[in-house]
Structure formats: C-alpha cells, structure tokens
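Reading through the structure tokens given below for one structure.
Protein chains: 2
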Amino acid sequence: MTLLDVAQRAGVSVATASRVLNGGDRVPRPELQERVKAAAEELGYTPNAQAQALAKSSTNVVGILVHDIEDPYFAAIANGVMRAADERNLLVMLASTFRDAEREIAYLASLRAQRARAAVMIGSRRTDAESLARTASEVGSFLNSGAGLALVSQSGMPAHTIEPDNRAGAAALARELVGLGWRRFAVLGGPDTLATARDRRDGFLAGLADSGLEPVAIESGDFTRDGGHAAIERLLDRGVGADCVFAVNDVMAVGAMSALRQRGVDVPGQLGVAGFDDIATLRDVWPGLTTVRLPLEQMGRRALELAIHGGEPTTETFRAEVVLRESTARA
Amino acid sequence: MTLLDVAQRAGVSVATASRVLNGGDRVPRPELQERVKAAAEELGYTPNAQAQALAKSSTNVVGILVHDIEDPYFAAIANGVMRAADERNLLVMLASTFRDAEREIAYLASLRAQRARAAVMIGSRRTDAESLARTASEVGSFLNSGAGLALVSQSGMPAHTIEPDNRAGAAALARELVGLGWRRFAVLGGPDTLATARDRRDGFLAGLADSGLEPVAIESGDFTRDGGHAAIERLLDRGVGADCVFAVNDVMAVGAMSALRQRGVDVPGQLGVAGFDDIATLRDVWPGLTTVRLPLEQMGRRALELAIHGGEPTTETFRAEVVLRESTARA
DNA sequence: AGCGTGACGGCAAAGGTATTCCGATAAGGT
DNA sequence: ACCTTATCGGAATACCTTTGCCGTCACGCT
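As you go down the protein sequences, you meet chains A and B in turn.
Per this note's numbering, residue 1000 is the first one in the first sequence, and the count goes up by one each step.
Per this note's numbering, residue 1000 is the first one in the second sequence, and the count goes up by one each step.
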C-alpha cells in the first residue's frame, strides 16, 4: 500500500516508482513505466497525500469560509469558487462559521495548519472593532504563511478583495423605483455592524436623495428571512405611511412579503417591495421580486483566481444590475 | 516555525515540546509546560497538520460529496453534517460533483488519498449499471482503507445508509390529497435513473391505489426547477384533464407553479400542486406549497455520526411528514 | 581507441511530528 | 546507606514521498 510496496513488486527503486507515477521532469524508460504502472494497479496503490504534501511542502487544498452554507447567497458564491477549484484540480475545504467570528478565526488557523494553498472568505465584514482586530491578526498570519487569500464583500484587510457595488446598485434601484412613480419609501435595513447592509441602505438613500426624496422610515432587523418578517411587522405597527419598501436583501424581502400576505396587505397594490441579490431559488416567488442582481458565481470564480494567483492586494468591484419585476409594478 | 524552533527556544527537546502541546498521555513538569507554551506563543507556532497526519497516520478531515451545493436540498443536509463535524472538531472537505459520476469517483479517491477519517455521500443513487459498478468499486477501496462512510439516499452499497422514507411519505401525501377531495392526479416524475424520484412516484401511485385511483398522466423531467417547468408545460399541451399535480420535489413544483402562472392557470383553483422536501427557502412562496417534510439537517447529522463511528453497515430510515398548505386547498 | 556526454537508476536526505525506548534522576522503603 | 521503583526528559525511529546527487553505462565523436 505504500510506494515501497509498488517499487518492490515492480523490481525498481522507490525513486523510479515515484518518477513514473508523478510524470515529473525525468521519465524512466518505457519498460519500467509499464512495470510500475502494472504493480500500482494490481496493488490498488493510492499515494498518501499527507506525505506528498510534506515532501513537496505544498498542497492542492483551498479553503472557503462562509457564514452559512444554507443561505443561497453564500451557496451561490461558494459554488463559483468550487467550480473554479474543480477546473484546477484543487480540493476544497468548506467551513460554515454559523456567523461566529471565533469559528471563523479558528477555521482560518486550521487552514493554515493544513498548509492550504489559498482561502476565500465570503461574507460581510463586521464593524465590531475587537473581533475585526483579531480577524485581521489571523489574516496576517495566514498571508505570512505564504498562502493566498481573497475576500468577498469584506474589504479592509490586506488581501485581494471582491466587492459588489452595493451602493451603486441600491442607488440605481432607488432611481428606477422613483421613475416608476413610487414616492414614500421605507427601508428594511440589516444589523448596523454589517457593512453590506449599511452600504445598500446608504446607497438607496443616496439614490432617493438624487430626486430630493427622503425615506419615511428605516427599520433594522436580522439579515435573514425572519429578520425581514419581524421588521416589516414593526413598521406596520408603527403605521408609517410608506407605499414602497426596500429590504437590503432578498431573503428579508421574502420574509416581509410573507408578513404582508398574513396581514392582508396587497403587493404591489398597497405596498411595493424590492430586495437585493436576485437569489436564483427565489426567482419564482409571486409576485416576482424586484431586486438587484449580483453575478454571484462569477464573483466566487474570480475570488479563487485572485487567491491562488497571489501578488499585490487588488480590489475588484462587480457591478450590480437592477431587475424590475411585479412586486413593484405600478397599476 | 517548526516544533524544533519552539523546543530550542524553550530549551527542551522536541519530544517534550510535542508532549506539552498535545497534552498526550505523558505530561511534562509544569515549569517546562510554561516555557514551551510561552515559546510557541511568541513564535506564533502552528503545527504542520500534514506532518501530524503522517506521524499519527490519521487525520481529522471528513469529506462530503453532494451533487450540487446550490440545491437547497443538498445544502440543508450538508449543513447538518457540517454542524456535527464542527462539534467534533473535524474539518470538512466538501465537493460538488455537479451530478457527474466520474467526478464523484475521483473525489472519493482524493479523499482516500487524503486519508480522510470518514465521508458522507449525499444524493440519489443512480440505477445506471455501469457507473454504479465503478462507484461500488471505489466505495470498496475507500472502506478498505479504514475510513468510515455513510450514504444518504443511496442504498445498495456496503456502508451505513440514511434513507428518507420516500415511498411512505409520498403515499401518505396521496391519501391526504384524496381525503381533501382531489381525484384526477398527474405526476411530475424525475429521471427514471434516480431512485429517489422513482420511489416518490411509486409511493404516490401506491397511495392512490389505496383509494382505487390511478393517475391520469405521468410526465418525467429533470429533477430541477426547469425540469418541473418544462414537464408541466408538456402536460398542459397534451391537455390531460388533471385537477391536481404532484411533483417529486419542491423545486420542480415551484417551476411548475411558475409555468402555471404564466399560462394563467390558477393554483389551487384550477389545479392543485404538491411537492416534496419542504425546502426552507421555499416556505414563503405563494400559494404555500403542500409538501412532505424531511428532517434534512438531522439526516446529515446522523450520517456523520454513523460514518465516523464505523462498525457494521446499518440502514436508518427517516420518516417523512405531510405538510398541507394553500396550494392544495379545496374551495 | 579514448574521451566526453548524456541518459537513467538508485541511494539518501529532507520535510515536521508522534512515539517508543532508554538512561538518568529522585523519591521512597528497608 | 543501599536498593527498588517510579517518573521524566531526550535521543532515535517511524510515517511516506519527493528530489538532489552520484555512479554507471552506452553511445557518439574525434
């Protein structure tokens, strides 16, 4: 089961066997190749990846860190990373941090211990100063170990960064909605510590400001389906007279639509609803959700490319595109 | 950066350093522990996981194989596996096979090369004889290497198996629907090579047969949203007079509902729709989708437990539970 | 014929850690 | 005071592969 067994059975040295099976720079005589390959086949030999990694001091493992793999947003980006990894014959270690900064740091350390070639961290950066500092420290160690790193939606670290243009996308959405005739907007924001949520909210506000408008209400909630559900209920209870509501991501928007349905509020008849992300799984909800599309898979692909390529830290911005559907149609 | 560096800085041997950092059976004198820990801290030492694995000839890596991580069905199960892995301090290598049997086999071989402690394969078994045989062969090698293995929805291999009770769940759904007053059923089946799709279809037919009913039509399509969309269109074009349609999974059902909406067919007024899986992300579609709930996360958890526990091959069946919602409500 | 050159196989070291075994030291018992 | 035993640190070895280097052999050229 070891290379030695193969070599002995083929009647050659381990060096020769290794050279045959690796197809490296030096290739043994055809006859020996035959013998070694046959021996490996008969014995069902599988190289020990750990030993290879140790000998070569490099691996073909890359890591992906997501907050929650069940969230379709992360799944879509991770999918892009995995496709790119597959094309390069890289193995993927994927960790779900369950939105816990400690786990994120611990996993990054594990990846370093594994001598991973590169890692991609997906998720919104937090603005909580202390955990940010500890993450930054671990990121520094990781990069110091010689591995590549790319961040998605998480700038401020000395690594490659993929940044969706949340502000511009949200601003464009605001302008489109105003163009449709909506005027009295409410915003369902996320936690203030999530930069993504903030950027989208602020971008939307900026877009409104272009038309001299201000939102009639801003309500914050979790960045999840239930967060959107709860936030809109609070909004309705407060009785602000909005005619259109913008949720900073699709799952919040869907949660909000569900609450509206329970309360008998017609969408878009009584209230328009818009989201952000254009999650594929949610494209069939009714009424179709107006949203802002992000090229999630492509962002994942590119993140992996940057991570394994290394080099000077780069920031690449991906444009977002407004998608108008029935949930904001005007009569 | 190696253990030797730490040992030298602490003025002890590598053996002692290893013993301190690992907390094995023998524990050095407290004073030395202090010194070693301090040295490790100052140097920012990270053990080389490859070298550890080589020395111990065992790893703390487990693998997950899914067909498509973007499919919420797989994501939910994988999530359960990852939670269980996290609790046991295991690292997860996740591979998306993109529904390609070759990739699946190759990944399993990679996992073997990595000396993974265990693997969980999620996805419907195929009934294609040839690829089944090759998979079985690789599964045999994998188990032979001493690693654990559990399969979800994929019986017929000599490994632990987690089996959702597709037949019973579909049959129960059929009986409930009949109880509601539906009579003329159509079935949107999946590819015939997918055992999951077949079992659900056959279970549904058996449930109908209990009431002496037969479906008015069976139409097969891809196991995806688009598959459901296309299948129902073919059904409508053929003009079969169904009053209720059962799709063998939720994403197909949602695709079908979308097509019905485009064609102006009211759900459930003109046609009832039911699915299978109770995907969390789709619980907010409207009208609410009648479906059969599977404890997906729990199945994932259990799969990991069985995989790392090893022992004699077991089969555990998880019960499914009918969830009635608006998509099959009778006026 | 002699020498240089190139090709090719094998030996051995390196890569970092866990662990067995041995020697030394200290403690406890008679 | 001497012997036994327990304890603990360290040297050495095993884990498996890759790869630099050396020796050999054959071939071609002068």
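For each residue, glycine too, the CB sits at the ideal point set by N, CA and C.
query	result
Contact set between the region 1249 to 1268 of chain A and chain B, restricted to residues whose Cβ is under 9 Å from the partner	1250, 1253, 1254, 1256, 1257 and 1260
Residues of its chain near residue 1108 (chain A), where Cβ-Cβ distance is below 7 Å and the 5 sequence neighbours each way are ignored	1137
Boundaries of the alpha helix (DSSP H) in which residue 1324 (chain B) is found, first to last residue	Taken as a continuous stretch (DSSP letters only), residue 1324 (chain B) belongs to no alpha helix (DSSP H), as it is neither H nor E.
Chain B contact residues for residue 1113 (chain A), given Cβ-Cβ distances below 8 Å	1048, 1049 and 1090
C-alpha gap between residue 1189 (chain B) and residue 1247 (chain B), whole angstroms	7 Å
Residue ranges of each alpha helix (DSSP H) within the region 1049 to 1127 of chain B, 4 or longer	1071 to 1086 and 1100 to 1112
Cβ-based contacts, 8 Å cut-off: residues of the region 1070 to 1090 of chain B near chain A	1071, 1074, 1075, 1077, 1078, 1081, 1082, 1085 and 1090
Contacts around residue 1074 (chain A), its chain only, beta-carbon distance under 7 Å, and the 5 residues preceding and following it disregarded	1068
Distance CB(residue 1121 (chain B))-CB(residue 1064 (chain B)) smaller than 8 Å	yes
Coarse secondary structure for residue 1278 (chain B), derived from DSSP in three states	coil
Residue range of the unbroken beta strand (DSSP E) whose run includes residue 1273 (chain A)	1271 to 1273
CA-to-CA distance, residue 1264 (chain B) to residue 1287 (chain B), given in whole angstroms	16 Å
Closest residue to residue 1118 (chain A) among A:1094, A:1149 and A:1129 (Cα-Cα distance)	A:1149
Beta-carbon proximity check, residue 1025 (chain B) vs residue 1300 (chain B), cutoff 8 Å	no
Cβ pair residue 1039 (chain B), residue 1053 (chain B) closer than 8 Å	no
Sheet register partners of residue 1146 (chain B) (DSSP bridge)	Paired residue(s): none; residue 1146 (chain B) is not in a bridge.
Strand pairing of residue 1159 (chain B), partner residues [DSSP]	B:1149
Near the ligand PLP: residue 1178 (chain B) beta-carbon under 7 Å from a heavy atom	Absence of the ligand PLP from the depicted structure is noted, as is the absence of any ligand whatsoever, leaving it without description.
Straight-line Cα distance separating residue 1059 (chain B) from residue 1327 (chain A)	50 Å
Host beta strand (DSSP E) of residue 1315 (chain B) (start-end)	1314 to 1317
Residues of its chain near residue 1146 (chain B), where Cβ-Cβ distance is below 8 Å and the 5 sequence neighbours each way are ignored	1110, 1111, 1114, 1115, 1116, 1117 and 1118
Same chain, Cβ closer than 8 Å to residue 1002 (chain B), five either side skipped, listed in chain order	1013, 1016, 1017, 1020, 1044 and 1046
Listed by chain order, chain B residues near residue 1043 (chain A) by CB distance under 7 Å	1140
Contact list for residue 1094 (chain B) against chain A, beta-carbon separation under 7 Å	1091
Collapsed DSSP secondary structure at residue 1299 (chain B) in the structure displayed	helix
Residue 1177 (chain B) (DSSP reduced to helix, strand or coil)	helix
Interface flag, residue 1284 (chain A) vs chain B, CB-CB below 8 Å	yes
Presumed contact (8 Å Cβ cut-off) between residue 1319 (chain A) and residue 1191 (chain A), rounded CB distance	Not quite, the Cβ-Cβ distance comes to about 21 Å (not below 8 Å), so this is no contact.
Min CB distance residue 1224 (chain A) to chain B below 8 Å	yes
Cβ pair residue 1215 (chain B), residue 1245 (chain B) closer than 8 Å	no
Chain B within 8 Å of residue 1290 (chain A), Cβ atoms only	no
Three or more C-beta pairs below 8 Å linking the region 1027 to 1039 of chain A and the region 1088 to 1106 of chain A	no
Extent of the continuous beta strand (DSSP E) run through residue 1222 (chain B)	Note, residue 1222 (chain B): premise wrong, no beta strand (DSSP E); not H, not E.
Beta carbon of residue 1271 (chain A) nearer than 8 Å to that of residue 1249 (chain A)	no
Cβ pair residue 1196 (chain B), residue 1140 (chain B) closer than 8 Å	no
Under 8 Å from the C-beta of residue 1281 (chain A): neighbouring residues of chain B	1280
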